[in-house]
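First the structure, in the form of structure tokens, and then the observations on it.
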Amino acid sequence: DGGITQSPKYLFRKEGQNVTLSCEQNLNHDAMYWYRQDPGQGLRLIYYSQIVNDFQKGDIAEGYSVSREKKESFPLTVTSAQKNPTAFYLCASMDGSGANVLTFGAGSRLTVL
Amino acid sequence: RKEVEQDPGPFNVPEGATVAFNCTYSNSASQSFFWYRQDCRKEPKLLMSVYSSGNEDGRFTAQLNRASQYISLLIRDSKLSDSATYLCVVRPSGTYKYIFGTGTRLKVLA
Numbered sequence: 001d002g003g004i005t006q007s008p009k010y011l012f013r014k015e016g017q018n019v020t021l022s023c024e025q026n027l028n029h030d031a032m033y034w035y036r037q038d039p040g041q042g043l044r045l046i047y048y049s050q051i052v053n054d055f056q057k058g059d060i061a062e063g064y065s066v067s068r069e070k071k072e073s074f075p076l077t078v079t080s081a082q083k084n085p086t087a088f089y090l091c092a093s094m095d096g097s098g099a100n101v102l103t104f105g106a107g108s109r110l111t112v113l
Numbered sequence: 114r115k116e117v118e119q120d121p122g123p124f125n126v127p128e129g130a131t132v133a134f135n136c137t138y139s140n141s142a143s144q145s146f147f148w149y150r151q152d153c154r155k156e157p158k159l160l161m162s163v164y165s166s167g168n169e170d171g172r173f174t175a176q177l178n179r180a181s182q183y184i185s186l187l188i189r190d191s192k193l194s195d196s197a198t199y200l201c202v203v204r205p206s207g208t209y210k211y212i213f214g215t216g217t218r219l220k221v222l223a
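This is how it looks when you write it as structure tokens:
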């Protein structure tokens, strides 16, 4: 089945550590996205990528980094510079064929201890 | 002013009721509109895209009013399983960015 796989589902990190969240899609979508969701809040855009080897900052990119070396993969690194990293992280991809619908992975829940 | 605004609710309605949500957006150049459903601690899932002419999918009807810059979602004959948070999503033209409202929480009561 086609879809988006995020891992790990749950992650605990000590303060000062970097952590990388994986996002893999087999939908053949060109565009991929990372969002952050805090309790009771909407989704906020961290980074997005329209094509391989290209990405743009979203509204809250500080303290995060991404890469897009393959079409299928868009990993997100949460660095120690991110002041409040505890959140629910959602990866999405977009078909771009006309419907322009975002499809989400199941999310990664990061807790900083 | 937020780019996309929704009443956070919660809307508490009995089973079988009809309920409507509105969402306003500030960018008049917005091109694509969607309603997503999000269950607690889960990822958002597409409920329906919203077209200029309005569209219906079973018990769900979505409308777009470009002049007043709002979209609406109507749910008829509410089911217990409709309890969720409904997210309004807008994509301005000329951009790959999708802007999410904070969501409207619906509770359908037995």
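Protein chains in written order, with the working numbering: chain A, 1 to 113; chain B, 114 to 223.
A virtual CB, placed ideally from N, CA and C, is assigned to each residue, including glycine.
Bridge pairing for residue 134 of chain B: B:186 [DSSP]. A Cβ-Cβ separation of about 5 Å places residue 19 of chain A in contact with residue 78 of chain A under the 8 Å criterion. Distance from the Cα of residue 149 of chain B is smallest, within the candidate group B:142, B:207, B:211, B:130, for B:211. For residue 2 of chain A, there are no neighbours in chain B by C-beta distance under 9 Å, as the nearest C-beta there is about 15 Å away. Per DSSP, reduced to three states, the secondary structure at residue 11 of chain A is strand.
Per DSSP, reduced to three states, the secondary structure at residue 54 of chain A is coil, with no helix or strand assignment. When C-beta atoms of the stretch 135 to 152 of chain B are compared with those of the stretch 182 to 202 of chain B, three or more pairs fall below 8 Å, so the two segments count as touching. Taking the Cα positions, residue 112 of chain A is about 42 Å away from residue 176 of chain B.
Beta-bridge pairing by DSSP links residue 200 of chain B to B:149.
Between the stretch 179 to 190 of chain B and the stretch 16 to 34 of chain A, the count of Cβ pairs shorter than 8 Å is below three; the stretches do not touch. At the C-beta level, residue 208 of chain B and residue 119 of chain B stay beyond 8 Å of one another. When the beta-carbon positions are compared, residue 56 of chain A and residue 48 of chain A come within less than 8 Å of each other. Contact between residue 26 of chain A and residue 72 of chain A holds: their C-beta atoms lie close to 6 Å from each other, under 8 Å.
When Cβ-Cβ separations below 8 Å define contact, residue 50 of chain A makes contact with chain B.
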